[in-house]
Structures are given as C-alpha cells and as structure tokens.
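Undergrad:
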Amino acid sequence: MANAGAEPKLPRKTPAQCERARRILAALKLRYPDAHCELDWTKPHELLMATILSAQCTDVSVNKATPGLFKAFPTPADYARATPEQIEPYIRTIGLFRSKAKALHETGRMLTERFGGEVPRKMGELLLLRGVARKTANVVLGNCFGINVGVVVDTHVGRLAERFALSRAKTPAAIEADLMALFPREDWCLLSHLLIFHGRRACKARGGDCANDAICREFCSEARGAKTVAEAPAPKRASAAKKSTRKVDGKVARKRGTSR
Ligand code: SF4
Numbered sequence: 088m089a090n091a092g093a094e095p096k097l098p099r100k101t102p103a104q105c106e107r108a109r110r111i112l113a114a115l116k117l118r119y120p121d122a123h124c125e126l127d128w129t130k131p132h133e134l135l136m137a138t139i140l141s142a143q144c145t146d147v148s149v150n151k152a153t154p155g156l157f158k159a160f161p162t163p164a165d166y167a168r169a170t171p172e173q174i175e176p177y178i179r180t181i182g183l184f185r186s187k188a189k190a191l192h193e194t195g196r197m198l199t200e201r202f203g204g205e206v207p208r209k210m211g212e213l214l215l216l217r218g219v220a221r222k223t224a225n226v227v228l229g230n231c232f233g234i235n236v237g238v239v240v241d242t243h244v245g246r247l248a249e250r251f252a253l254s255r256a257k258t259p260a261a262i263e264a265d266l267m268a269l270f271p272r273e274d275w276c277l278l279s280h281l282l283i284f285h286g287r288r289a290c291k292a293r294g295g296d297c298a299n300d301a302i303c304r305e306f307c308s309e310a311r312g313a314k315t316v317a318e319a320p321a322p323k324r325a326s327a328a329k330k331s332t333r334k335v336d337g338k339v340a341r342k343r344g345t346s347r
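Residues 88 to 347 (the working numbering) make up the sequence shown, in order.
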C-alpha cells in the first residue's frame, strides 16, 4: 500500500514558470506583509482541533467557539475523557458539529494513547488522526513547527492557483504538487497564507475588484478586459456605462460561480 505521508511526485516546471511564480510571491509578500494563519490558537493541539473544526466553515465562526472549547478541554486527554456529546455544546454553532465532536474526541484519544499527548510532527502520523487529511496536516506542520512538507490547498488557494495560471489541475492534491514545484520549500506555508489573504480581501467569491488591483492586473487572466475606475465611461453616458459594466461583471460573475 502506498505511503499516505510520502511527498508527492512533483511535475516539472520551466525556469520561466518558476520566475513568474517568484514575481507573484514577491508581489503578494509586499501587499500582505502580515499574512498569517487566521485561526486563534496558542498550543499545537489547539490549532489541530481548530483546523478540524474549520472544515466547510469560516475561521471567524471557529474563532468564536474555540475560547470556550479550549477552556473546557485544555489538553488532548480532556477530549479523550469526554464523550462527543459532552463536546458538542461547545461547538454547536459550527456546521457538522456532531461529526466534528466525534473527530475531536477521537483525535484527543489518539494523541493521548499513541503520541504521549503531543501533536506528531510527521505527515504520515498526522494522517492517522480522525478528521485529518493533508490540508490539516500541512496547516499544523507549517504553523506550529515550521515544517514545510506541502502547501495548504483550500478553496481560496485552489481558486487563485487557477486564476493566476499556476495550476490547471482539478484536485487539491494535484494543485498542491504544482505549487510545490513552482515555489521554494521555505515559502510553502507562507504562500498559502498569502493566497488566502488575497482570496479573502481582493478576490472574493462574490466579486473582486479585478481591474483596479495591481497584482490582479499583472497576473490574473480575469482582470484582462475588465475596465479600471479611470477607464469607465463618463457619468453622462450612464445607461451605456451600466450596460457595459453589467456585461463585464456578468462574465466575471458567471465564471466565479463555478469556483465557490
Ligand atoms: S483579477 Fe479578479 S478574479 Fe483574478 S484574482 Fe483578482 S479579483 Fe480574483
């Protein structure tokens, strides 16, 4: 059986592709110098639990629930001792809270019984935990321990990877392999934060400021053809302008609707 924790085989990239990736990374670093994980945590097992909770819901909603959760269950052993039903009330505001309560309980139990109450630092070991796939393992390894074994691919990273022409792949695993091949290993953790920051602040699922964003204009095919504020028609031609804008926005909105 294949080793689930093994590093994926990376596709070959040309020097030109790597140079373009380097320029994207530099531009994002300049724009978001404080890019960081937006889940609140102070101990590795807290980030692990918070990341499990964040599946299919926002970091904001997780951050609202975790102060009470972390106070009630300060160690992995506390999750192990509690039943899922006892964990549920603390995460009831989060989607899929019943299955997530089971995952927290199981994760606490495995951390206690197999790893001495510590969060393991190997991809293969993290993947043994309930509710943990490569994305969660990458979050924990990169943010808690500074270990870069992969790139976190969430909905923002996947969308931006496609729009910045960094990957044509359709699965998170293949997108991750493309990004690992294009960017230096030491930047993998930060890269995901930068793309997530851009995804949340500029390239929002319901419409970005495509034409007026310098990074977008240089690197995203969606921005080409969109008009900047300065290029927009004068107010006296309001009806024509409205029609034109609708057309541009309609095109963007339709494409955006396919990605999240
Ligand atoms: S140009 Fe538009 S679609 Fe492309 S990354 Fe920027 S906001 Fe997103």
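C-beta: ideal position from N, C-alpha, C; glycine also. Just so we're clear, the structure is a prediction, and the values are computed from it rather than from any experiment.
#1: Enumerate in chain order the residues of its own chain whose CB-to-CB distance from Ala93 is below 7 Å, with the five nearest sequence positions on each side excluded.
#2: Can you tell me whether Glu263 is buried or exposed? The criterion is at least 16 other CB atoms within 10 Å of its CB, across all chains shown.
#3: Quick check on this structure: which residue in Glu125, Thr162, Val147 and Ser148 has the alpha carbon closest to the alpha carbon of Glu133?
#4: Could you tell me if the beta carbon of Ala289 falls within a distance shorter than 6 Å of some heavy atom in the ligand SF4?
#5: Under a three-way DSSP split, which group does Pro102 fall into?
#6: State the CB to CB distance for the pair Leu253 and Asp265, rounded to an integer number of angstroms; the pair is presumed to be in contact (CB under 8 Å).
#7: Counting along the chain, where does the alpha helix (DSSP H) carrying Tyr166 start and finish?
#8: Among Gln143, Pro176 and Val147, which has the Cα closest to the Cα of Ala159?
#9: Smallest Cα separation from Glu273: which of Leu228, Gly195 and Thr194?
#10: Check Leu215 in the structure and name its three-state DSSP category.
#11: Run through DSSP, which three-state label would Thr199 get?
#12: Where Asn308 and Arg221 are concerned, what is the direct C-alpha to C-alpha distance, given to the nearest angstrom?
#13: Would you report the Cα separation of Arg99 and Ala248, rounded to the nearest angstrom?
#14: I'd like the span of the alpha helix (DSSP H) that includes Val149, first residue to last.
#15: Classify Thr129: buried if its beta carbon has 16 or more other beta carbons within 10 angstroms, exposed otherwise.
#16: Should Cys303 be listed as close to the ligand SF4, given that the test is whether its C-beta is under 6 Å from any heavy atom?
#17: Figure out for me which residue from Ala103, Val239 and Gly203 has the closest Cα to the Cα of Thr138.
#18: Three or more C-beta pairs closer than 8 Å, one from the stretch 166–173 and one from the stretch 192–200: is that the case here?
#19: If you measure from the CB of Ala122, is any heavy atom of the ligand SF4 nearer than 6 Å?
#20: Tell me where the alpha helix (DSSP H) around His132 begins and ends.
#21: What separation, rounded to the nearest whole angstrom, lies between the Cα atoms of Glu172 and Ile234?
TA: Checking against the coordinates, here is how it stands:
#1: Looking up residue 93 in the sequence shown gives position 6. For Ala93, where only same-chain residues beyond five positions count, there are no Cβ hits under 7 Å.
#2: Mapped onto the sequence shown, residue 263 falls at position 176. By the 10 Å Cβ count, Glu263 comes out buried.
#3: Taking the first residue of the sequence shown as 1, we reach residue 133 at position 46. Looking at the Cα atoms, Thr162 is the closest of the given residues.
#4: As a first step, residue 289 must be located in the sequence shown, where it is residue number 202. Within the cutoff, so yes.
#5: The residue given as residue 102 occupies position 15 in the sequence shown. Note: Pro102 maps to helix in three-state DSSP.
#6: Taking the sequence shown and counting its residues from 1, one reaches residue 253 at position 166. Taking the sequence shown and counting its residues from 1, one reaches residue 265 at position 178. The pair is a contact, with the Cβ atoms about 6 Å apart (cut-off 8 Å).
#7: The residue given as residue 166 occupies position 79 in the sequence shown. Per DSSP, Tyr166 belongs to the alpha helix (DSSP H) from Pro163 to Arg168.
#8: Residue mapping note: residue 159 aligns to position 72 of the sequence shown, counting from 1. The candidate whose alpha carbon is nearest that of Ala159 is Pro176.
#9: Numbered from its first residue, the sequence shown carries residue 273 at position 186. When only C-alpha atoms are compared, the closest one is Leu228.
#10: Counting from 1 along the sequence shown, the entry for residue 215 is found at position 128. Coil at Leu215, not helix or strand.
#11: Residue numbering aside, residue 199 sits at position 112 when the sequence shown is read from its first letter. Three-state result, Thr199: helix.
#12: Numbered from its first residue, the sequence shown carries residue 308 at position 221. Numbered from its first residue, the sequence shown carries residue 221 at position 134. Before going further, note that residue 308 is Ser rather than Asn in the sequence given. Their Cα atoms are separated by approximately 29 Å.
#13: Position 12 of the sequence shown holds residue 99. Position 161 of the sequence shown holds residue 248. Cα to Cα, the separation comes out at about 16 Å.
#14: On the sequence shown, residue 149 is found 62 positions in, with the first residue counted as 1. Looking at the DSSP string, the run of the alpha helix (DSSP H) that includes Val149 is Asp146 to Ala159.
#15: Locating residue 129 in the sequence shown gives position 42, where the first residue counts as 1. When all chains shown are included, Thr129 counts as exposed.
#16: As a working note, residue 303 is residue 216 in the sequence shown. Answer for Cys303: yes, Cβ within range of the ligand SF4.
#17: Against the sequence shown, residue 138 aligns to sequence position 51. For the residues Ala103, Val239 and Gly203, the minimum Cα distance to Thr138 belongs to Val239.
#18: yes
#19: As a working note, residue 122 is residue 35 in the sequence shown. Not so, every heavy atom of the ligand SF4 lies at least 6 Å from the Cβ.
#20: Within the sequence shown, the letter at position 45 stands for residue 132. Element bounds for His132: Pro131 to Leu140.
#21: For the purposes of this step, residue 172 is taken as residue 85 along the sequence shown, with counting starting at 1. For the purposes of this step, residue 234 is taken as residue 147 along the sequence shown, with counting starting at 1. Going by the C-alpha atoms only, they are around 34 Å apart.
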